[in-house]
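Counted from 1, the sequence shown has number 66 at position 66 by the UniProt record's numbering; the numbering is strictly sequential. Every residue, glycine too, gets a C-beta built ideally from N, C-alpha and C.
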Amino acid sequence: MKYELTAAREYDMIALGRACIDLNATEYNRPMEETMTFTKYVGGSPANIAIGGSKLGLKVGFIGKISGDQHGRFIEQYMRGVGIDTSNMVVDKEGHKTGLAFTEIKSPEECSILMYRQEVADLYLAPEEVNEEYIKQAKILLVSGTALSKSPSREAVLKAVSLAKRNDVKVVFELDYRPYSWNSPEETAVYCSLVAEQADVVIGTRDEYDVMEGKEGGKNEDTISHLFNHSPELVVIKHGVEGSYAYTKSGETFRGRAYKTQVLKTFGAGDSYASAFLYALISGKGIETALKYGSASASIVVSQHSSSEAMPTVEEIEQLIAERPVIEAI
Ligand SMILES: Nc1ncnc2c1ncn2[C@@H]1O[C@H](COP(=O)(O)OP(=O)(O)OP(=O)(O)O)[C@@H](O)[C@H]1O
Ligand SMILES: O=C(O)C[C@@H](O)[C@H](O)C(=O)CO
1 MKYELTAARE
11 YDMIALGRAC
21 IDLNATEYNR
31 PMEETMTFTK
41 YVGGSPANIA
51 IGGSKLGLKV
61 GFIGKISGDQ
71 HGRFIEQYMR
81 GVGIDTSNMV
91 VDKEGHKTGL
101 AFTEIKSPEE
111 CSILMYRQEV
121 ADLYLAPEEV
131 NEEYIKQAKI
141 LLVSGTALSK
151 SPSREAVLKA
161 VSLAKRNDVK
171 VVFELDYRPY
181 SWNSPEETAV
191 YCSLVAEQAD
201 VVIGTRDEYD
211 VMEGKEGGKN
221 EDTISHLFNH
231 SPELVVIKHG
241 VEGSYAYTKS
251 GETFRGRAYK
261 TQVLKTFGAG
271 DSYASAFLYA
281 LISGKGIETA
291 LKYGSASASI
301 VVSQHSSSEA
311 MPTVEEIEQL
321 IAERPVIEAI
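Here it is in structure tokens:
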């Protein structure tokens, strides 16, 4: 089954949210206390998704606020270098800093992220910096849940979503739950539900839907029966190595399996999954194939050191789908 998008727009996808820096432990298989060197990459979930999409050949734009310093310039130059339109990335003038994510790779199963996100520039994106003329040129607007965690970025997202809906731009909402960005899980539930109910496509892990629903151990069937009473037409629920499901409002369910891989670290899985899933949808490949693309891309990125730089090409994804066995039910 194919997912219909508005044809012929300047941009396949415009992503909105944080573009930050990942500092990934260069010496892995040890705790961060013993890690002396880190390798710098562009990071931040929506930036990673934009980079992944651009590497797959999509025409991608980005809306976000970056710091007016060396880190902000590094991010803008890197994103422009991979082909992303950065004309709507605003430079902060008030001294706010780039968010940093230090990653600890203790073992393939034990990875964590230590985020430095106080007063970060990305959460200062203001509604007046979101431009209707830009958004209306996209087929898809991708918004990240973390951008809803503080004002004025929260209002910038709400404005972008309403402009997208007014201009027939499909809204894709990536729940992207980062607890330390929020005051409380209750606050997260309020704002994520508000946007999920207005979105056309929602993507998240089972745990992220549980936070949005304010419960533990939620069932996919309950999630979709609620969301399909609102705007969403397609809901993707990820279950880590156990794979993922895509549900359509018209009643179909598709299952995606994860591919066997040599895992180096687990972060980056969700962003690489989203970029390849959306690439396949935008290319008219059908939902079942989109699940394969997402899973294949994630299995490549978890085997590599970064989240952004490691984003694969279409050829690498297609070769992996053709050759690699899937992980059967766990
Ligand atoms: N260990 C693994 N081996 C192979 N594929 C994996 C593994 N972990 C995750 N994946 C793939 O990545 C997809 C997304 O993973 P997951 O559900 O963990 O998302 P996420 O929590 O958003 O990721 P992240 O850790 O980046 O936040 C899964 O549906 C699966 O296809
Ligand atoms: O999303 C972030 O801010 C950090 C990411 O860049 C990091 O690589 C990651 O967690 C990806 O899942």
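Do residue 211 and residue 235 have their C-beta atoms closer together than 8 Å? By 1-based counting over the sequence shown, the position of residue 211 is 211. By 1-based counting over the sequence shown, the position of residue 235 is 235. In this structure, residue 235 does not lie closer than 8 Å to residue 211 by Cβ.
In the DSSP assignment, find the unbroken beta strand (DSSP E) run with residue 244 in it and report its ends. Taking the sequence shown and counting its residues from 1, the one referred to as residue 244 is at position 244. First-last of the beta strand (DSSP E) with residue 244: 244–248.
Of the listed residues 204, 45, 222 and 16, nearest to residue 237 (C-alpha basis): For the purposes of this step, residue 237 is taken as residue 237 along the sequence shown, with counting starting at 1. Residue 237 has its Cα closest to that of 204, out of 204, 45, 222 and 16.
Can you tell me which residues form a DSSP beta bridge with residue 36? Position 36 of the sequence shown, counted from the first residue, corresponds to residue 36. Paired residues: none, contrary to the question.
Between which residues of its own chain and residue 271 is the CB-CB distance below 7 Å, once the five residues before and five after are set aside? Working through the sequence shown from its first residue, we reach residue 271 at position 271. These residues qualify, in order along the chain: 45, 48, 49, 52 and 307.
Cβ neighbours of residue 188 in the same chain (closer than 6 Å, five flanking residues each side left out): If you number the sequence shown from 1, residue 188 lands on position 188. Result list for residue 188: 182 and 211, in chain order.
Run through DSSP, which three-state label would residue 24 get? Position 24 of the sequence shown holds residue 24. Correct three-state label for residue 24: strand.
Measure the alpha-carbon distance for residue 147 versus residue 267 and round it to whole angstroms. Numbered from its first residue, the sequence shown carries residue 147 at position 147. Numbered from its first residue, the sequence shown carries residue 267 at position 267. Their Cα atoms are separated by approximately 19 Å.
Judging by CA-CA distance, which residue of 59, 229 and 64 is the nearest neighbour of residue 128? Working through the sequence shown from its first residue, we reach residue 128 at position 128. Per the Cα distances, 64.
Thinking C-beta only, is residue 42 closer than 8 Å to residue 11? The count along the sequence shown starts at 1 and reaches residue 11 at position 11. The count along the sequence shown starts at 1 and reaches residue 42 at position 42. No; because the gap between Cβ atoms is not below 8 Å, this pair is not in contact.
For residue 268, verify whether its CB is less than 7 Å away from any heavy atom of ligand 2. Working through the sequence shown from its first residue, we reach residue 268 at position 268. Residue 268 Cβ: within cutoff of ligand 2.
Check whether the Cβ atoms of residue 121 and residue 92 lie closer than 8 Å to each other. The residue given as residue 121 occupies position 121 in the sequence shown. The residue given as residue 92 occupies position 92 in the sequence shown. Going by C-beta atoms, residue 121 is nearer than 8 Å to residue 92.
Below 8 Å between beta carbons: does that hold for residue 159 and residue 195? Here residue 159 is taken as the residue at index 159 of the sequence shown, counted from 1. Here residue 195 is taken as the residue at index 195 of the sequence shown, counted from 1. Their beta carbons are not under 8 Å apart, which means residue 159 does not touch residue 195 by this criterion.
Check whether the Cβ atoms of residue 31 and residue 263 sit closer than 8 Å, and answer yes or no. Translated into the one-based positions of the sequence shown, residue 31 becomes position 31. Translated into the one-based positions of the sequence shown, residue 263 becomes position 263. No. Outside cutoff.
For residue 304, which residues of its own chain have a beta-carbon under 7 Å away from its beta-carbon, when the five flanking residues on both sides are left out? Taking the sequence shown and counting its residues from 1, the one referred to as residue 304 is at position 304. So the list reads 264 and 310, once near-sequence residues are dropped.
Cβ neighbour criterion (16 or more within 10 Å) applied to residue 338: Residue coverage of the chain in this structure runs from 1 to 330, which leaves residue 338 outside it and unanswerable.
Just checking my contact of residue 257 with residue 297 at CB under 8 Å: how many whole Å lie between their CB atoms? As a position in the sequence shown, residue 257 is number 257, starting the count at 1. As a position in the sequence shown, residue 297 is number 297, starting the count at 1. In fact, because the Cβ distance is near 14 Å, the residues do not count as touching under 8 Å.
What does a CB cutoff of less than 6 Å around residue 144 pick up in its chain, not counting 5 residues either side in sequence? Within the sequence shown, numbered from 1, the residue matching residue 144 stands at position 144. Around residue 144: 17, 45, 46, 174 and 176.
I want to check one thing, is the minimum distance from the CB of residue 225 to the heavy atoms of ligand 2 below 7 Å? One-based indexing of the sequence shown puts residue 225 at position 225. Checking every heavy atom of ligand 2 against the Cβ of residue 225, none is found closer than 7 Å.
Per DSSP, residue 256 forms a beta bridge with which residues? As a working note, residue 256 is residue 256 in the sequence shown. Per DSSP, 244.
When you compare the CB positions of residue 115 and residue 99, do they come within less than 8 Å of one another, or not? Your numbering for residue 115 matches position 115 in the sequence shown. Your numbering for residue 99 matches position 99 in the sequence shown. Their beta carbons are under 8 Å apart, which means residue 115 touches residue 99 by this criterion.
So, at 8 Å on beta carbons, what are the nonlocal neighbours of residue 70 in its own chain, with the 5 sequence-adjacent residues on each side left out? As a first step, residue 70 is located in the sequence shown; it is residue number 70 there, counting from the start. None.
Which residues DSSP lists as bridging residue 203, in chain order: As a working note, residue 203 is residue 203 in the sequence shown. Bridge partners of residue 203: 174 and 236.
Quick one: does the C-beta of residue 205 sit closer than 7 Å to a heavy atom of ligand 1? Along the sequence shown, one-based indexing puts residue 205 at 205. Because some heavy atom of ligand 1 lies under 7 Å away, the Cβ of residue 205 counts as near it: yes.
Can residue 138 be considered in contact with ligand 1, in the sense that its beta carbon sits closer than 7 Å to one or more heavy atoms? Position 138 of the sequence shown, counted from the first residue, corresponds to residue 138. No, the Cβ of residue 138 stays beyond 7 Å of every heavy atom of ligand 1.
Name the two residues that bound the continuous alpha helix (DSSP H) containing residue 1. Here residue 1 corresponds to residue number 1 of the sequence shown, with the count starting at 1. Counting along the chain, residue 1 falls outside any alpha helix (DSSP H), and DSSP gives it neither H nor E.
Would you kindly work out how many angstroms separate the C-alpha atoms of residue 24 and residue 35, rounded to a whole number? In the sequence shown, counting from the first residue as 1, residue 24 sits at position 24. In the sequence shown, counting from the first residue as 1, residue 35 sits at position 35. Whole-angstrom Cα-Cα distance: 10 Å.
From residue 124 to residue 186, what distance separates their C-alpha atoms? To locate residue 124, count along the sequence shown from 1; it is residue 124. To locate residue 186, count along the sequence shown from 1; it is residue 186. Near 22 Å, if we compare the C-alpha coordinates of residue 186 and residue 124.
Sort out for me which residues DSSP pairs residue 41 with in a bridge. Locating residue 41 in the sequence shown gives position 41, counting from the first residue. In the DSSP output, where bridge partners are listed per residue, residue 41 has 22.
At a threshold of 7 Å, does residue 112 count as lining ligand 2 (C-beta to nearest heavy atom)? In the sequence shown, the residue the question calls residue 112 occupies position 112. Not under cutoff, so the answer is no.
Which residues does DSSP list as the beta-bridge partners of residue 65? Translated into positions along the sequence shown, residue 65 becomes position 65. For residue 65, which the question treats as bridged, DSSP gives the partners 90.
Taking its Cβ as the centre, do 16 or more other Cβ atoms sit within 10 Å of residue 104, making it buried, or is it exposed? Taking the sequence shown and counting its residues from 1, the one referred to as residue 104 is at position 104. By the neighbour-count rule (16 or more Cβ atoms within 10 Å), residue 104 is buried.
Return yes when at least one heavy atom of ligand 1 lies under 7 Å from the C-beta of residue 42, else no. Counting from one through the sequence shown, the residue named residue 42 turns up at place 42. Result no, Cβ not under 7 Å from ligand 1.
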